[in-house]
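Per my numbering, the very first residue in the sequence shown carries number 133; after that it's consecutive. Written out below as structure tokens is the structure these notes cover.
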Amino acid sequence: MIEHIGGELRVHAMELDDVEIIHVMELRNYDYPWTSGIVRDCIVSGYECMKLMHDDEIIGYYVLQIAANEAHLLNICIDKPWRAKGFALQLLRIAMRSAAMQQAAELFLEVRPSNKRAIKLYEGVGFNEIGCRPNYYDAKQGREDAIVMALYLQV
Ligand SMILES: CC(C)(COP(=O)(O)OP(=O)(O)OC[C@H]1O[C@@H](n2cnc3c(N)ncnc32)[C@H](O)[C@@H]1OP(=O)(O)O)[C@@H](O)C(=O)NCCC(=O)NCCS
């Protein structure tokens, strides 16, 4: 359910001019943020990097990699003040539809077991846990596994 907030919501491709603001959002929203170099590389590499705008403000984004009929959701983020209003679900559905339209049969992602909010979001649209990458992420104490999730896509 999308909360009615007024203003205009749009989704646009990220541009190189957005790299610094996206990096600031990474710092605000992740304990282990992407560097601005990673954000830039994703754009330059031609990954699908989309920003969710509320009027002139970027309030979220996703990064999707598509190759050989498989899609990988590398990042999805809603800026803190804009969370729990249904925007992540909306953005995720846009990414799923886009991957399907580009002939991806399956969408994969990795998530920290501690990221309960994200896991609930993914399970809610039908992602299933298909595996685990041990010690995948940096963590405050040592390393944290990654749960690998997958979803079959339909156009
Ligand atoms: C994960 C994230 C994208 C969710 O964004 P959000 O705007 O809060 O999500 P939504 O409002 O669209 O909620 C979608 C679903 O997530 C779950 N959810 C949302 N807020 C929640 C909360 N505070 N507690 C528990 N579950 C919650 C619910 O299942 C919700 O569905 P519902 O509306 O039926 O309850 C957001 O927390 C975020 O950007 N976190 C930092 C970046 C991150 O961890 N990204 C994922 C990397 S794998």
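The beta carbon of each residue, even a glycine, is placed where N, CA and C say it ideally should be.
Proximity to residue i [Cα-Cα], best of the options
{"i": "N161", "options": "Y269, I191, G169, E140", "result": "I191"}
{"i": "N207", "options": "R229, F240, W214", "result": "F240"}
{"i": "N201", "options": "D211, P266, S230", "result": "S230"}
{"i": "G138", "options": "N260, W214, Y268", "result": "W214"}
{"i": "E189", "options": "A203, C264, I154, I198", "result": "I154"}
{"i": "I198", "options": "G169, K217, M228", "result": "M228"}
Buried or exposed by the 16-neighbour rule on C-beta atoms within 10 Å, applied to residue i
{"i": "G274", "result": "exposed"}
{"i": "Q235", "result": "exposed"}
{"i": "C174", "result": "buried"}
{"i": "M133", "result": "Only weak support exists for where M133 lies, its pLDDT of 47 falling under 50; the coordinates are left without a value."}
{"i": "L224", "result": "buried"}
{"i": "V176", "result": "exposed"}
{"i": "C209", "result": "buried"}
{"i": "D149", "result": "exposed"}
{"i": "L285", "result": "buried"}
{"i": "A216", "result": "exposed"}
Whether residue i touches residue j by CB criterion (7 Å)
{"i": "M182", "j": "Y194", "result": "yes"}
{"i": "V243", "j": "A250", "result": "yes"}
{"i": "V171", "j": "I226", "result": "no"}
{"i": "L196", "j": "E180", "result": "yes"}
{"i": "L253", "j": "A220", "result": "yes"}
{"i": "D270", "j": "Y164", "result": "yes"}
{"i": "V280", "j": "I262", "result": "yes"}
{"i": "G256", "j": "L283", "result": "no"}
{"i": "D211", "j": "M146", "result": "no"}
{"i": "E140", "j": "D187", "result": "yes"}
Cβ-heavy atom distance, residue i to ligand 1, below 6 Å
{"i": "V287", "result": "no"}
{"i": "K183", "result": "no"}
{"i": "A231", "result": "no"}
{"i": "N260", "result": "no"}
{"i": "L221", "result": "yes"}
{"i": "I191", "result": "no"}
{"i": "K272", "result": "no"}
{"i": "N201", "result": "no"}
{"i": "G256", "result": "yes"}
{"i": "E170", "result": "The displayed chain sequence assigns Ile, not Glu, to residue 170. No."}
{"i": "A282", "result": "no"}
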